[in-house]
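Numbering (this note's numbering), first residue to last: 1 to 148.
All residues carry an ideal CB built from backbone N, CA and C; glycine is no exception.
Working notes, beginning with the structure itself.
What follows is the structure, given as structure tokens:
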């Protein structure tokens with residue numbers, strides 16, 4: 001199940017966990033760089049699995065004192081992670097397929113194909129305007145501090 005990622009899944013508390021380094025602290029919020037996965041560099045399925053091997057930046061609300069360059073463990077609820085996958089991959093795919101099927105009934109195939117791709121423009125514009133809702137919904141939590 002975890003082909004290109006060595007982060008840990010915790011069944012006991014339903015969190016997806018990974019480690020990162022604190023890059024900045026501003027008030028009660030820290031910017032954390034999640035390290036790229038070294039296992040993905042040599043993985044043959046890397047291009048197919050959709051895991052980006054680059055570093056990620058996340059913002060974490062602090063519930064304890066942390067300093068710059070601290071290595072910390074962060075996590076997100078698995079259900080929230082699956083919901084994010086649905087918004088990012090499943091819904092756009094369904095929009096394209098449904099629009100293509102319905103469009104081919106009423107329009108020439110070339111127009112239906114273009115329409116099925118164009119339907120993604122309002123979808124992603126809507127996601128852009130709802131980004132503050134998604135930021136609140138998909139918060140990454142500070143779990144613990146590994147070392148100073």
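Residue i versus residue j - alpha carbon distance
i: residue 104; j: residue 87; result: 25 Å
i: residue 109; j: residue 100; result: 8 Å
i: residue 68; j: residue 59; result: 14 Å
i: residue 25; j: residue 137; result: 22 Å
i: residue 32; j: residue 123; result: 29 Å
i: residue 66; j: residue 93; result: 41 Å
i: residue 35; j: residue 78; result: 20 Å
Counterpart residues of residue i in DSSP-defined beta bridges
i: residue 77; result: 15
i: residue 31; result: 24, 59
i: residue 141; result: 61, 75
Buried versus exposed call for residue i [16 or more other C-beta atoms within 10 Å across all chains shown]
i: residue 18; result: buried
i: residue 98; result: exposed
i: residue 27; result: exposed
i: residue 125; result: exposed
i: residue 20; result: buried
i: residue 57; result: exposed
Whether residue i touches residue j by CB criterion (8 Å)
i: residue 117; j: residue 102; result: no
i: residue 141; j: residue 81; result: no
i: residue 22; j: residue 70; result: yes
### Query
Enumerated in chain order, which unbroken segments of the alpha helix (DSSP H) with a length of 4 residues or greater are wholly contained in the segment 65-111?
78-85, 91-106
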